[in-house]
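These notes are about the structure you will find just below.
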Amino acid sequence: MTKKCYKCKEVKPLSEFYCNRSKKDGHQERCKRCQRDYFKQPKAKKQRRVRHHTDRQLVLNLLGHCCALCGCEEERWLTIDHVTGGGKEHRKERSTAGTYRDIIKDPDAKKKYRVLCYQCNDVLPLCDSEMQLLEAIEREHNRIIANFVATVQEANKE
Ligand SMILES: [Zn+2]
Ligand SMILES: [Zn+2]
176 MTKKCYKCKE VKPLSEFYCN RSKKDGHQER CKRCQRDYFK QPKAKKQRRV
226 RHHTDRQLVL NLLGHCCALC GCEEERWLTI DHVTGGGKEH RKERSTAGTY
276 RDIIKDPDAK KKYRVLCYQC NDVLPLCDSE MQLLEAIERE HNRIIANFVA
326 TVQEANKE
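If you're matching positions, the sequence shown starts at 176 in my numbering and goes up one per residue.
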């Protein structure tokens, strides 16, 4: 299978075109080389950033603006967890931007995905249960707060 690039007009094998499910033949109009050049333009970069931000907000509107486990509300720390696993593969196949779009379109999104903060997302695989994770977080937070209070008290003494 070959395809003519709409930018450079060269006929190339289909493997020289990135996948795009929304196109008729499942591939981009531009060949990979032209697509890469296009993405390097400042205008395209900005467009992608805006789109990425909008899609991320839509996902958070759908799934919630806080961590489903610890309740963390720092938006920049939030990430999407695939409840049934397979998150890494999904992101690898579809990129983060593609993953967001899949979630927005999925009528069962709330069953398949949830919002976690990076801390919970990273630590959960090391814990036996979500309860154990929350207990560990509570211990850590108490320790951090105690340290902070001690530092402030120490500073006030001087
Ligand atoms: Zn081309
Ligand atoms: Zn969390």
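Backbone N, C-alpha and C fix where the C-beta goes; we use that ideal spot for every residue, glycine too.
As the structure is a prediction and not an experimental result, all values here were calculated from the model.
May I ask you to list the residues that DSSP assigns as paired with residue i?
| i | result |
| --- | --- |
| Thr-254 | Leu-291 |
| Thr-177 | Pro-188 |
| Cys-194 | His-202 |
Compute the minimum distance between the beta carbon of residue i and the heavy atoms of ligand 2, and state whether it is under 7 Å.
| i | result |
| --- | --- |
| Gln-307 | no |
| Cys-183 | no |
| Leu-235 | no |
| Gln-294 | yes |
Is there a Cβ of chain D sitting closer than 8 Å to that of residue i, yes or no?
| i | result |
| --- | --- |
| Thr-229 | Annotation note: the requested chain D is absent from the structure, which comprises a single protein chain. |
Mind checking residue i: buried by the 16 CB within 10 Å criterion, or exposed?
| i | result |
| --- | --- |
| Tyr-275 | buried |
| Tyr-288 | buried |
In angstroms with no decimal places, state the Cα-to-Cα distance between residue i and residue j.
| i | j | result |
| --- | --- | --- |
| Thr-128 | Lys-263 | Here the chain has residues from 176 to 333 only, and residue 128 is not among them. |
| His-228 | Glu-268 | 20 Å |
| Cys-209 | Glu-249 | 38 Å |
Verify the contact flag: residue i, CB atom, against every heavy atom of ligand 1, threshold strictly below 7 Å.
| i | result |
| --- | --- |
| Arg-223 | no |
Can you tell me the Cβ-Cβ gap for residue i and residue j, rounded? I've got them flagged as a contact below 8 Å.
| i | j | result |
| --- | --- | --- |
| Leu-291 | Thr-254 | 6 Å |
| Leu-244 | Cys-295 | 4 Å |
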